[in-house]
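Protein chains in written order, with my numbering: chain A, 776 to 1112; chain B, 97 to 777; chain C, 20 to 332.
First comes the structure, then the notes that go with it.
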Amino acid sequence: MSAIFNHWLTQNALVIGSFALVFFLLRAGARNERWQRAWVRLKCDRTGLIALGIICVYLLVGALEMLRVPNGGGPTRSIIDVLTASIAPEKTYSAPLADELLASPLHEKTVGRHLLGTDVLGKDVFVETLKACRTALIIGGLTTAIYIPLGALLGILAGYFRRWVDDVIQYIYSTLASIPEILLLVAILLVLGKGLGTMALALGITGWVGLCRLIRGETMRQSERPYIAAARALGQTHWKIVIHHLLPNVMHLVLISAVLGFSNIVLAEAILSYLGVGAPVGTASWGAMIDSGRTELSRDPFVWWNISAATVALFGLVLALNLLGDALRRAFDPKRG
Amino acid sequence: MLESREADLNARPPRSRFSHIADVLNLFRISDFGFRIFAVGLVLLLVACDNDPNPPPYHKTRADGSPWAVRYAALPGDPKALDPQFAYDVTAQRALEPVYDRLLDYHPMKTDPFELIPGMLEEIPKREDHADGKVSYLCKLKRNIPFHDDPCFPGGKGREVVAGDVFYAFQRITDPKVESPFYAPLSQNVVGMEEARAAATAKTGKFDYATPIAGFEVIDSHTFRVHLKGSYPQLLYWFALHTCSPMAREAVEYYDGLKHDGEVRPSIKFHTVGHGPFRMKTYVEKLHIRYERIEGYRTNVFPSDGFPPEKAEWLRQFAGKPLPLYDELRLAILPETIPAFVLGRQGYMDGITANKDAFAAVMSISRELTPKYRERGMSLELSGTPSTFFMSFNMEDPVVGKNPKLRQALSRAYDSLTYCEIFYSGVAPVSEQLLPRGLFGYDPNYKNPNGYDFEKAKQLLAEAGYPNGRDAKTGQQLELTLEEPVSSNEQRQRAEYQQRAFEALGIKIKVNENTHARVVERLERGSYQIGSGTGWMADYPDAENYFFLFYSKNFPPAGANYCRYSRPEFDRTYEKMAVMENGPERLALIQRMNEMLAEDCPVIFEFSKAYYVVTPPWGKWTHNHPMMEGSFNKYHYVDPVLRARLRREWNRPVLWPLFALGALIAAGLAYAIRWNRKQNA
Amino acid sequence: MLSYLVRRLLYAVPILFGVILITFFLDNVMMTPNEKAGRVLGNKAVGKTREEWIRNRGLDLPMPTQFVRYVKKTVTLDFGTSWQTGREVRKIFLNGAGPSLLITVPGFFAAFTASLALALFQVFVRDSPLDRGLTIATVALMSIPTMVYVIFGQAVIALGLSYFPAYGFSYGGFGMVRFLLLPVAIFIMINLGYNTRLYRAIFLEEIQQDYVRTALAKGLSGTRILTVHVFKNGLIALITLVVAQLPKLVLGSLLIESLFGIPGLGNVLVQAIQNADQPVVMASVILGSVLYITGLILTDICYALADPRIRLS
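Here you go:
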């Protein structure tokens, strides 16, 4: 079973499948009239478009790292590995474009020059920064995939059915929200072991509360609208009302929350790295690079390239996501520009 | 619907209506309060512009008018307890040893090999061998050592330390309520401790302190004799630890953690009533512990021999002087290494220890102090901790446990030297053998027979049945699991280094990351293949304290034989070696045991811990002794006048960025006003 | 009002029970008793010492018995002593709340005021290049990880420019201020971006309201409307939003406290989690949920005060 799962073809299929799924979902959403109007408005929003473009670049880099190709008999490599195969690893730190190692006792020449230098284990920082895109996207994507359906569905159910359904759902999220998030995260990661999947699960379990509350409120407001009453009078089932009327009308909020939430998850990864429950060993991660910067900056000469590269890359993604989220909000709800 | 909203948007009033920026400023005048807060904040900011993190000292000058000298050092965390019979970690040792003197002490400057000197005892106890194989030690306490003044004593005046206080300490070790970790090793060797525990708790379950211990004989007020079941030379090393420090019964009974007369007294676990060179004056959790010197401390004086040659001349001036050499000690609690380091560079911390990344901060390529520090008159002192770190193989594992060639191949594939160069800037020495430097039995010329040799490693792997990392029979790639404690980024990098080192052989290494506690638990249960991050720091400098890690009766949970290494010949040799006094015969046994470990290769040796101490110009003498983490403090020296001057010089704030920031804000405001005017025009 | 409070408090009971149940469960799956003993006593204390430690704390009892004891202790607010440091949990919390509040309260109010000023300024110059620039700047402030703020602050402001100590704390006295300024400044920076964006949106929404148009039609000056009416109404909307965050300030800021070595509750919690210090973790969770529920109640009361149509019942 795990042999099949770990096979490179299965993994590639999964990656392509999830990209296709996101695309399909967006297309499905775009059939909605409101979404079409929003799209027209978004097309005129320069900031939003630039942000969208930047995110696409990140997605592309992440996809290149996610797709794997076979490598003779050895372990499979990602496309980025193949593209950067000519960059030889060093023994340890070297400054950007330097030809000499940094660590004091070694004092050796480097094998090659590196655009952004190398890190403590001699890995090229530029390549690592690109590779870490995958980590950020996987954590962000998986977490979103977990908490968005959960939060949206429970929110709609609570807002639509009210009474005991609402009470139960409110009880669950109040309980979850009142436990310090950090305890839940660390505990879940300690129990399930480290890994990108478990990290996403932990973040997802703690993350759906806010969305649920938002959707619940919006659903309540929508439920009082005449069109819901009309649908009820026409004898439509609850299920149909939820799927055909309520869901399309709150979906834009879900989209905006997903985009903004994604940025929070990317930032949260950095904190988890500091707490020692970050990305697993051997996985490139911006959080880990920033955390290592704490000690690297006190070296002499100080190692600034590792933390800077990671900070800039992370900043770019989070900024673009936030700007896109704002642009989407403006597009869907022009009154609140 | 939507159109009408957009119409709303268009119908928004023209901007010229919002006419005067002064009106907006009015907004802030709505409350004078806001302005006042702003003004107070500004003043605070200007006054608080000082980067000194240390609290003001207790006094400015001594009674005779000379300047008050303070030493600032760091602790890595809060001590778990300050009870000498309970505490068993380095942090606690550092915190409580300035207060509690020990029966014996280490010579502060003789570290290779370590040497014991009398502490509270008049001389090093003489071994007495008896006909029945039993051994005893006769000990004499120094006269006129007082306990520190404390309300627990009648009249608040500390009484003299007597032999009964040492006996009381032994009773406390025996008392199960104290949960003393020293009971296990001591009760195995001291006559009558086990019986005393059984007898004293038989009646009520509570330990009855009237019960005698057969092996502890109080002869007169200052003399006692300890009887051992057999030869156990390590007892003297226990005497040199806080474990056997005399305890005042009055103090333990007074500080019970209960309410008396409306006031809660602290428990003896966190209150010290000692007899050492310092008194603990303030302890604020997670912040600092502050000590003040005891006037008239006489138990120990500065030594007059054994000075390291390069500092001998300077040190001679202190020979025979009363201790301590300064008045106040502040141990800041700093869990992170870098802040300590930063504070040291600024002159706010004495004798900072540089490790890992900090090595690179202080050392130039030629392993000298970098100019930045040299200019400040600082110097480097190398210090080592008798410790050996290694990766353990599970000897009961069907794959690695039954295949010595495979273990040797892995050991030879691991490049400890590069590891030390990358992670310890080459300062930490590679371990070639189980014993670290400074212990009897350490052989500086011994080379690890399983040391790094990649070609040999590949050859051994083929001989082990895995040519190029693949099973010779099935062709399957060999996959091994490596247990790694990962709770910080450093450990994460280390794990990756180790994984890559083994994978170079063509095998697959699955890294199993966990917290340190979980890794130890897995090692104890024996559910692992290769365990990383294991090692041993010497409790006392004796070979027995290391080789017992491979004694088959020390399988967890009884001991720390995590490898589950069991070889009858090794056990026999160990049993003989353990109880022997140092000498050529013992050396031969140790060499034989080294050979056995090399043959079976249950561990991959990595390194010994070593670090640099950066010495500020006003300290000159911050050398540390690894076996006396806390008690060494009394030998340090501080020049308060020089420090005050240099600190001021090094910490002048740079002011131009503040002006630049102000200018930037002003420019922004000016722009806003202009833009507003243009809109209005 | 009174019946509302009583009902709300009754409602809190099942939540607290759920919280205790979850925490108890997590605590038990997180570490085995043996692991806990190893964590507290150190690796060198093996065998009998650990067994004794486990027995003394009742960790060898059956789960239901342990749970009942756990609930009993929580209900009587008897959290006992910390396993790690042996100190009274109550005292640990009393000692930790001060430093936490010293960072969060000034930080919170300063961030609130600064964001308010910035947001108003943005509304005032709305749609100008400056507004757009500030919007992007506020988003940028939000997009920098806290770690980077702290690392930058310590490396440049504390070490490079020697304005403040890079690390440490001191209780009481005027000397304390210097330890607080940098952490508080970072606390402000972290919250400034998000707050400003939120407040700006609220004020913009307020501007769209009918009464603004009516006032304009009546010939009132735009600036006056902004500074008096919009400001006042917007502020009420803001305060109802903000008040839910107030109780949580007690818990402090986790990253800032542990990176600056401030002995606050955030620091306490991180160390307690890492050291499996069950009594301390339990107490912080209970405290956290009580504060959370208080926040909810405060928000409701604020809504009722702000809008006379809403009545607490």
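In this text, a Cβ means the ideal position worked out from N, Cα and C, and glycines have one as well.
Rounded Cβ spacing between residue i and residue j (contact assumed at less than 8 Å)
| i | j | result |
| --- | --- | --- |
| residue 188/C | residue 123/C | Not really, about 14 Å apart at Cβ, beyond 8 Å. |
| residue 371/B | residue 196/B | 7 Å |
| residue 663/B | residue 696/B | 7 Å |
Helix, strand or coil at residue i [DSSP, three-state]
| i | result |
| --- | --- |
| residue 100/B | Here residue 100/B scores only 32 on pLDDT, less than 50, and its place in the model is too uncertain to base an answer on. |
| residue 1107/A | helix |
| residue 428/B | strand |
| residue 107/B | With a pLDDT of 36 at residue 107/B, under the threshold of 50, the modelled position of that residue is not reliable, and the figure given next carries that caveat. Coil, per DSSP. |
| residue 629/B | strand |
| residue 181/B | coil |
| residue 283/B | helix |
| residue 899/A | strand |
| residue 483/B | strand |
| residue 921/A | helix |
| residue 367/B | coil |
| residue 281/C | coil |
| residue 174/C | helix |
| residue 531/B | coil |
| residue 269/C | helix |
| residue 963/A | helix |
| residue 169/B | strand |
| residue 37/C | helix |
Nearest to residue i (by Cα), restricted to the options the options
| i | options | result |
| --- | --- | --- |
| residue 296/B | 290/B, 304/B, 668/B | 304/B |
| residue 642/B | 570/B, 751/B, 486/B | 486/B |
| residue 915/A | 1048/A, 971/A, 1108/A, 1059/A | 971/A |
| residue 264/C | 236/C, 247/C, 289/C, 210/C | 210/C |
| residue 335/B | 322/B, 326/B, 481/B, 545/B | 322/B |
| residue 1057/A | 238/B, 464/B, 582/B, 254/B | 582/B |
| residue 76/C | 320/C, 296/C, 304/C | 296/C |
| residue 538/B | 712/B, 249/B, 680/B | 680/B |
| residue 235/B | 455/B, 401/B, 315/B | 315/B |
Range of the contiguous beta strand (DSSP E) that encloses residue i
| i | result |
| --- | --- |
| residue 377/B | 374 to 380 |
| residue 233/B | 231 to 236 |
| residue 703/B | 699 to 703 |
Residue i - containing alpha helix (DSSP H), residue span
| i | result |
| --- | --- |
| residue 491/B | No alpha helix (DSSP H) holds residue 491/B; DSSP gives it neither H nor E. |
| residue 54/C | 52 to 60 |
| residue 347/B | 345 to 350 |
| residue 265/B | 259 to 270 |
| residue 229/C | 229 to 236 |
Any non-hydrogen atom of the ligand HEM closer than 7 Å to residue i Cβ
| i | result |
| --- | --- |
| residue 130/C | Questions concerning the ligand HEM fall outside what the structure shown contains, since it holds no ligand whatsoever. |
Decide yes or no for the touch test of the segment 408 to 426 of chain B against the segment 147 to 159 of chain B: beta carbon pairs closer than 8 Å, at least 3 of them. Here the segment 408 to 426 of chain B makes contact with the segment 147 to 159 of chain B; the two share three or more CB pairs at distances below 8 Å.
Three or more C-beta pairs under 8 Å: does that hold for the segment 90 to 110 of chain C against the segment 300 to 319 of chain B? no
For the structure I just gave you, are there three or more beta carbon pairs, one from the segment 235 to 247 of chain C and one from the segment 308 to 319 of chain C, closer than 8 Å? no
Using 8 Å as the threshold, is the segment 176 to 186 of chain C in touch with the segment 114 to 128 of chain C, meaning 3 or more CB pairs across them? no
Counting Cβ pairs closer than 8 Å, one from the segment 705 to 721 of chain B and one from the segment 680 to 688 of chain B, do we hit at least three? no
Pair every Cβ in the segment 366 to 375 of chain B with every Cβ in the segment 385 to 394 of chain B, then say whether three or more of these pairs are closer than 8 Å. Taking 8 Å as the limit for Cβ pairs, the verdict is that the segment 385 to 394 of chain B does touch the segment 366 to 375 of chain B.
The segment 1048 to 1055 of chain A contacting the segment 569 to 577 of chain B, beta-carbon criterion three pairs below 8 Å: Taking 8 Å as the limit for Cβ pairs, the verdict is that the segment 569 to 577 of chain B does not touch the segment 1048 to 1055 of chain A.
The segment 500 to 513 of chain B contacting the segment 546 to 563 of chain B, beta-carbon criterion three pairs below 8 Å: Yes, the segment 500 to 513 of chain B is in contact with the segment 546 to 563 of chain B.
Given 8 Å as the limit, is there contact between the segment 807 to 820 of chain A and the segment 1098 to 1106 of chain A, that is, 3 or more CB pairs closer than that? yes
Quick check: the segment 526 to 541 of chain B against the segment 480 to 496 of chain B, are at least 3 beta-carbon pairs closer than 8 Å? yes
Cβ contact (3+ pairs, closer than 8 Å) linking the segment 44 to 51 of chain C and the segment 957 to 971 of chain A: yes
Would you call the segment 31 to 38 of chain C and the segment 947 to 960 of chain A in contact, with 3 or more CB pairs under 8 Å? yes
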